[in-house]
Structure formats: C-alpha cells, structure tokens
Amino acid sequence: MPTPSYADPYTIAAFERVRITSDSSQPNFQRADADIDLHDGPFASVKLVVDLETTCYPFETWQDNPPPEGENWPADCDAFDRNFELSLDDPDDPAADPPGIELVRAITPFGGPLHLEVDLTDVANGLPAGKHRLRAVIPTWSDANGEVSGSNGGWNVSAVVEVVPGPAPRKVLAVIPLFNGSQTAADAPGPLAVEVPEGTVSSRLEYRVTGHGGGEIGSGCIGPAEEFCKRNHVIRVDGAELATLLPWRTDCEKLCTLTHYGPENDGFDYCLENPCGAISSVRASRANWCPGSESPPFTWDADALRTPGSHTFEWEISTVAEGGQWRISAVYLAFGDQQP
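No gaps in the numbering here: position 107 of the sequence shown is 111 in the numbering used here, and each next residue is one more.
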C-alpha cells in the first residue's frame, strides 16, 4: 500500500495587530472578524497562536504617547481586565443558526500583553474544508475622563494559525457547538439536543465557564457577584448527573510577579503580568478566571455520548445574583476508531 503524501505546512495570518476599539463609531468595535482557509487536510497539527498588545505598557512608551492633559493614561490605553474570547463560525442570525465554536476563553491582563497557544487539531479535522470565520471579542470600554483607563482605549490583536497537513491524531466524526452565550439568572436554557453519529467510540464534552459582573455581594461571594462568587454547577447528560463542579480559581497570585518601576527610593511596585492593576485585585481569587490568563474548558467523555442517536445536555447553577452573569459555552466532539 503506497505511503500517503501530504501538502507542506503553512501559516494563516488571521489578524496582524488588528485594533479592537472602544469607539462604537469605528470599525472593529469590541470585535474583529477574519476568514481563514483550512485546506489540504487531514491535519497532523493545527495551532492557534495569539498575541495581545496594549499601549499601556511598557511604561517607558508613555514618553512618546503621554496621557492627554488632565488625564491619567494614554488615550488609547485600556488599563482594565476584559473578557477575551475567540470563536469560529459565529452565526449571522443567532436566533436561527447554531452558535459559534468557542476556541479560547481568556481574560486580558490589566493593561499588559498576553501570549496564548491553543491546539485546534481536533476541531480542524472535524470541520468541512475551506473558509471559516474567526472572531475575536474584547468588550473594551473607555473612560471619557481618562481617570481609571484611557479615554479612547483598545487592544491590538495578532493571531496566526500554524497548520501541518498529515495523518490526524484521531478520527473526528463531529464537532457540534451546543451553546455560546451569557446566563444572568439561575434558570439555564434547558436540555440541549446532542446527536451522536454512528461509529462513535469516544467523545469530549467541553464546558467553558467564567463568572462576571457587579451584582450585590451575597452568600458565597467575597466581592461583587458573580466575579467573586463560588457557585456549584451541575452538569447533566440525558437527565442524569455527569458532574458537579465549583468553577473557582485560587492561583491568581501567580500572575503577580512584583516589579519596581522608577528609582529605587521612588516610583512604584506593580505586577509584571498585570502592570496596570491594583496588586490586591490581581491576586484575588475569582469565578474560574484570573486576569492575564486562559480559562481552559472542563471536559468529560460521557458514556452516554458514545452511544449513537439523540441525547441531551444541560447544566444548573446553584444561584445567580442580580447584576451578575456567567459566560458559558459548550462544544461536543465525537471520535471514531482509528483502525482502518
């Protein structure tokens, strides 16, 4: 049997320092889209490499980009931590079409750079060949007075997809987005349909979840809800409990390497990874996220989701405070037998 031949590796430059702005009158307001062409599959490896930049840091750049008179920050600097999400094939009509496939859930640093590398091999091998739309979302906002952030803040995003055609590590039968949105009350959307294809021998259910908002501090919260609240999430497949989890990060202090700026007897201390954030805030535990890092998905290979046919997936959150929200996405991947 002849050895298969594969195309040469290639790189797709999706975003090259694309500006995501807080100005609603400008292009790329809070999001940017790019078409990527996945061709010459199957793929031995597909990797998304993302770099996020801001004009807030390093502080030496303020010499050439000073804050406007009466303001505390360069005008184009966003000094806050923001949601940073990348997804594939978001629908034109969310009410009628399936949700986008979330690839990355992260939080920007407080005014600093961020580098991420994400394995997309299974997703790429499970999608139709050809063009797909990559979307980057950062809900950035400005402070018109330039006091707590820049008066015209934003972020610069670069993203490349590194593709190596070759034998797929796994036989991917399906990549099915189930949900991608926000939940602002305890009631979840209810059971979502999952169709498991014939030939499935294993699966991966991905559940990405982070808590946000400024709701009233209540039971289980160490600060405004839901950013600082501990909530139980119950995951169910076909009505049966699959897992109970507590999405809560206690390692945020690792993203605060104390660094000094200015003369030894003057200047100030800051977190190297989060240069514009208050040290105590950077270090605080949160609802499954830390500023300046990715929040990977919770994953399961549920027995029921290896059985071909119709199934359901749902979740339940113990409570959601008014004014708070959980950002949630779910994706199902089905895998077949690799043997010929």
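Just so it is clear, CB atoms sit at the ideal spot from N, CA and C, and this is done for glycine as well.
When secondary structure is reduced to three states using DSSP, Ala128 falls in the helix class. Assignment of beta-bridge partners to Arg253 by DSSP yields Arg290. A distance below 7 Å between beta-carbons, with the five flanking residues on each side excluded, links Phe33 to the following residues of its chain, in chain order: Thr25 and Asp27. By DSSP's assignment, Ile180 forms a beta bridge with Tyr336. By DSSP's assignment, Gln187 forms a beta bridge with Trp330. Using a Cβ-Cβ distance cut-off of 8 Å, the region 261–280 and the region 175–193 are not in contact, since fewer than three pairs of beta carbons, one from each stretch, lie closer than that value.
For Leu124 and Ser297, the gap between their C-alpha atoms comes out near 18 Å. Where Asn160 is concerned, the enclosing beta strand (DSSP E) starts and stops at Gly158 to Pro169.
Beta-bridge partners assigned by DSSP to Ile321: His237. Checking the DSSP bridge columns, you'll see Tyr14 partnered with Val167. Apart from the 5 residues on each side of it in sequence, Gly150 sits with its Cβ closer than 8 Å to the Cβ of Pro71, Pro72, Gly74, Glu75, Asn76, Trp77 and Ala79 in its chain, given in chain order. Ranking Thr303, Ala308, Gly313 and Thr65 by CA distance to the CA of Tyr211 puts Thr303 first. Distances from the CA of Gly203 to each of Leu92, Thr311 and Trp330 were compared; the closest alpha carbon is that of Thr311. When C-alpha distances from Tyr61 are compared across Leu90, Asp101 and Pro113, the shortest belongs to Pro113. When only Cα atoms are considered, Glu245 and Glu57 end up about 42 Å apart.
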